[in-house]
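Residue numbers (this note's numbering), protein chains in the order written: chain A, 245 to 888; chain B, 53 to 401.
Glycine included, each C-beta is placed from N, C-alpha and C at the ideal position.
Taking it in order: structure first as C-alpha cells, then the write-up.
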C-alpha cells in the first residue's frame, strides 16, 4: 500500500488511511479498463490525487476466462500527493477465477478481495488452472473476502429492461463500479450523465447500466451491516490552487505538440504508423486539425518519418512517433534529418523489448537506441518525460530545440506514461515563451550559403518556393557553407565536429534536486517514468533519517552542465531504471561518476518498497536499517512471483 | 492550390554549377538534357520546382537541376515527396528513382504514393541493373542475367514497372527511352496530369548492362520495334505498315499487316487496328504486359485518367473539419471534466 507504511496486519479499509490502492481485474472482455477509467474520473472529481496503471494483455479479445486474457486497472488515490500507481493493492476486485489467480499474489496481506462467485464455475476454474475452488480452501485465508454472485445481482437489476442474459451480464462492470463508488463515497451523478451521453441512441441500454450501477451502490450500504465492507472517506488532497483535469501521457504529448506548433508559429505535420503503445498520440492529433495539425497515417514507420522530414523541408514542423521497434525502422531517416539539419520531433513511447518484446508492458530500454543508436557520428538531443502531465512541457521543449537548433529531437516516454492518468493543473498557454521559426528568404551576401551557421550553430531554414534561393541538400556529406557534395577529408572532419558541437552545446537548464538536500550520502538518479516511485521511496527514507536525495534528469543528451558537480556532492550514486543499466552507462561515460545500477525489466513499474529496500541498504547506521548490505554494482531486482 | 505561374526560362537556366558525375556515355545525360529542355516548355519556375530522389545513379539527378533538390535515402523518396506535397501542395515535385531504388528497396513506398495519387511526376530510370553498387542484378533484370551476385545467371522473375504502377492504382502510366526525341512529350503529358504520373524510362547503363534494350531502342530498325501510342490514334508501327488489332473473344492483341490506301495513308480500319484510348484501364494493363518480341514495345502514354489527388482530399477534409471551430489552445487544454482547487489549500507533501 502506498501510505506511510503501516504494519501489514492493519486492515486499511477499517482505518482512515490517506491513500488506497484498488485493482479491478477481469476478463479482457469485461470492460475493466472502462470501469477503471470512470472510477478514475469520479476520484479526480472528488478532489483526490491519484495515479493509475492500466495493465492489459496484448490480445484484443483473448479467449474468455483464460489467465493470459486477464485485464487489470490499478488506481492509487488519496488525500495526499500521489506519485505512483501504488505497490500492493488494498482492494482487489476479481471478476473471475483467472483474474483472482493472476492478481492475488499482488494483494496486500489483510487486503480486501471482492469476487463474483457467479463466475466460479468448474469450467472457469479449469481455465484458471485451479484444482479446487479458492473460495473453498485456505487460499484466501490471509485476506478479507467478500464473495457473492455479482452476475446474478446484475441480472436482477437489469431484468426490467428486457436485456438477454448476454447483454445483461455486460452491465456487470457498472454494477461493480457502483459498489466501488459507494466504498469510497463517490457521487454517482457524473456516471449517470456519462452513461446517458454514451448511450444516447439506446436509452434502454443507458437505463440498464444506470440500474446496475445504482444496484451495486445500494448493495454496499446493505453489505456494510454484516460483512467486512466498510465505507472509506478520503478527504480531497490539498494541492496548488487552480483548474485541474485528468490527463494521460499520450494526451499530454499531443497537446504539447499542438502548443509547441503554436509557439513556433508553425503548422504541425505528424507522420505515424499504428503501434502499441504509441498510436494514442496519432489518434488524439487526428482530431485536432483546426490547430493546423496534419496527420498522415503512413504505409510504414519509415514512410512516417520520411514524410515528416519532407514536411519539415517544406517549412512545417515534422513530427513522428512510435515505439522501440518502429524507432529502429526510422533510424536511417533520423540520420538524414541530422545530416540535412532539419527540425524533427521523434516521440518514442517505450515498451518491453527487444524485437516485439512486451508490446503492452512498460520499459525504459530504448535509451541506448536514442542516444547512440545510429550509423555514423549522429548526435541527437534526447529528453525524457517523467509523468503524464510532465509530457506536455517536455513536448514543447522538444519542439523548441528542434526549431532553434535545426535538428531531430528524441522525446522518450513509455507505456506507463502513455496510458496512465494523473490529475494535471491546466497550464496557461501564455506562460510559455514563444520561439517563432525564422526562414531565410534572401541570401546573406552574394553567395547562397545554406550551411552557414548562426550563433547557435544552426544552419538557415530555407523553404522550397522561395525565389532566388534554389539549392540542393541530401544525405551525402556537404561542404561546410555551400552545402554542395563534398568528399574533402578536412571538410568531413569539420562537419562531423560541427554536428557534434552543435548538439553538445545546446544549453539545457541546470539540474535541480527533485527531493532532499543538494549534498549527502546517496543520490538516487532517475529519468522518465520512475519519478513517482523514486520520489516516494526517497521521501520515506529521509523520514527514517537517511541522507538521500532524489535527482531526476529530463535532459539526457546533452546532460545538464552542472550534473557532474552536483553528483560529486554525494558519496554514492544509485540509478534505478527499467532496463539493464543504460542511463548508468551514459552517466559513467559522460561524467566519470561511479554510478551504481538498480534494474528491473519485468514489464511492471518499480514499486516504492523495492526502491526503499535498495536505498536502505546504504544506511546501516540508521536506526531500523541495521544489517543492511549494499548490493553489488549491478543490482537486479528478483523476478516477480510467477502469476501463472 | 494556386494556379502555377508560367515563367520564361531557357535550358541554361536549369543547369547547375555542379560537375555531372555519371559515366561518359551514360543514358542519364540524355534524360537530364530532355528534362532541362522540357522544363522551359512547361513554363516551370525553378523556385517552385523540387526534384526529390532516393539513392542510386539516377538519384544524383537533383544536383544537376537548378531548382530545389532533395537527395534523400534509398527507396524513400516517395515518402519524403508526400510530406513535401502535404506541407506545400503548390510546389511542383519531380521524383527521380531507378529500378532498384523504386521497385526493390522502395517498392512499398512506390506502391503507396501511386495508390494515394499524390500530385507529382515520377521518373523511374530502368536500366535493369544496379549501377552505383557495381553491377548486381536488379528486380527488373531478365532471368539469366549474369552479374557479380548471379555469376551463372539470375533466377528471379523480373518485375514490370508499368504493370506494377497500374496494379498499384496509378492514374497515369507512360514509357520512354533515354535517347528518344519523344521523351519530352511523355514528360509534358505526365506534367499535365494532375496526380501521380509514373514514367518508366529505359536507360542504357553503358558500363554494367550495355545496350540491354537494343532490340527496340537501337536506332536501326526502331520503327519496327517501337509502338508509340497516342490517344485517339490507331496503334500503328513500322511506318504504318503494321498495327495492333484486338481479339475481343480471346482478350488479346494480334499484330496485323496494314496496307496503304490510294492516297498513301494506312488503311488501318480495314485491318481492324485498335484505336488507343488513354482512359481504358484494361487496355493499359494489356499494353503494359505485351510480350516484347512477338509484339513491339508500347511507348508513350499508356494510361491517363485523372482522379482526385491525395493532397486535395487531405486539404478538403481539413477544411471541412476546421470549419466552425476556433483553434483555442486554452480551451483545448482545459477540455474534458475539470475541477478547481481553491486558494486555501496548503502545499502538497
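Give the straight-line distance between the Cα atoms of residue 216 of chain B and residue 139 of chain B, rounded to the nearest whole angstrom. 28 Å
For residue 516 of chain A, which three-state DSSP category applies? strand
Would you please state the rounded distance, in angstroms, between the beta carbons of residue 315 of chain A and residue 300 of chain A? I believe it to be under 8 Å. 4 Å
Name the residues in the segment 498-516 of chain A whose C-beta lies less than 9 Å from a C-beta of chain B; which are they? 499, 502, 503, 506, 511, 513 and 515
Just to confirm before moving on: does the CB-CB distance between residue 715 of chain A and residue 706 of chain A stay below 9 Å? yes
Which chain A residues sit within Cβ distance under 9 Å of residue 142 of chain B? 709
Quick one: list the residues of chain B neighbouring residue 382 of chain A, beta-carbon separation under 8 Å, in chain order. The contacting residues do not exist; residue 382 of chain A stays about 39 Å from chain B at best.
Can you tell me where the beta strand (DSSP E) holding residue 770 of chain A begins and where it ends? 764-771
Would you call the segment 619-636 of chain A and the segment 307-326 of chain A touching, i.e. three or more CB-CB distances under 8 Å? no
What are the start and end residues of each continuous alpha helix (DSSP H) run of 4 or more residues lying completely inside the segment 354-428 of chain A, in chain order? 366-371, 394-402, 409-413 and 416-427
Tell whether a beta-carbon distance below 9 Å holds between residue 358 of chain A and residue 420 of chain A. yes
Output, in sequence order along the chain, the residues in the segment 550-580 of chain A whose CB is closer than 9 Å to any CB in chain E. Chain labels in this structure do not include chain E; the protein chains are A and B.
Give me the Cβ distance between residue 562 of chain A and residue 588 of chain A, rounded to the nearest whole Å; I'm assuming they're in contact under 8 Å. 5 Å
Taking only beta-carbon atoms, is residue 381 of chain B less than 9 Å away from chain A? yes
Which residue marks the beginning of the beta strand (DSSP E) containing residue 175 of chain B, and which one marks its end? 172-178
Would residue 489 of chain A pass as an interface residue toward chain B - the criterion being a Cβ-Cβ separation below 9 Å? yes
Please state whether DSSP places residue 325 of chain A in a helix, a strand or coil. coil
In whole angstroms, what is the alpha-carbon distance linking residue 254 of chain A and residue 385 of chain A? Note on residue 254 of chain A: pLDDT 34, under 50, position unreliable in the model; the coordinate value appears next. Spanning the two alpha carbons is a distance of roughly 15 Å.
Among A:843, A:818 and A:303, nearest to residue 607 of chain A - alpha-carbon criterion: A:843
In chain order, what are the residue ranges of uninterrupted alpha helix (DSSP H) at least 4 long that sit wholly in the segment 544-582 of chain A? 545-557
Taking the alpha-carbon positions, what's the residue 401 of chain B to residue 759 of chain A distance? Confidence at residue 401 of chain B is low in this model, with a pLDDT of 31, below 50, so its placement is unreliable and no value can be given for it.
Put residue 748 of chain A into one of helix, strand or coil per three-state DSSP. helix
Does the Cβ of residue 348 of chain B have 16 or more other Cβ atoms within 10 Å, making it buried, or fewer, making it exposed? buried
With DSSP collapsed to three states, give me the class of residue 498 of chain A. helix
For residue 808 of chain A, collect the residues of the same chain with a Cβ closer than 6 Å to its Cβ; drop the 5 residues on either side in sequence, then sort them by chain order. 835
What number of angstroms, rounded off, separates the C-alpha of residue 274 of chain B from the C-alpha of residue 229 of chain B? 11 Å
Kindly list the residues whose CB is nearer than 7 Å to the CB of residue 163 of chain B, restricted to its own chain and excluding five residues on each side of it in sequence; keep chain order. 220
Short CB-CB distance (under 9 Å) between residue 247 of chain B and chain A: no
Are any of the Cβ atoms in chain A nearer than 9 Å to that of residue 163 of chain B? yes
Okay, do the segment 740-748 of chain A and the segment 693-704 of chain A touch, 3+ Cβ pairs below 8 Å being the bar? yes
Helix, strand or coil for residue 245 of chain B per DSSP? coil
Whole-angstrom distance between residue 382 of chain A and residue 884 of chain A, CA atom to CA atom: Confidence at residue 884 of chain A is low in this model, with a pLDDT of 47, below 50, so the placement of that residue is unreliable and no value is reported for it.
Considering only the beta carbon of each residue, do residue 136 of chain B and residue 104 of chain B sit closer than 9 Å? yes
Sequence-distant residues of the same chain with beta carbon closer than 6 Å to residue 514 of chain A, five excluded per side: 529, 539 and 563
Below 8 Å on the Cβ atoms is my guess for residue 56 of chain B versus residue 100 of chain B; work out the distance and round it to an integer in Å. 7 Å
Tell me the residue span of the alpha helix (DSSP H) that contains residue 128 of chain B. Counting along the chain, residue 128 of chain B falls outside any alpha helix (DSSP H), and DSSP gives it neither H nor E.
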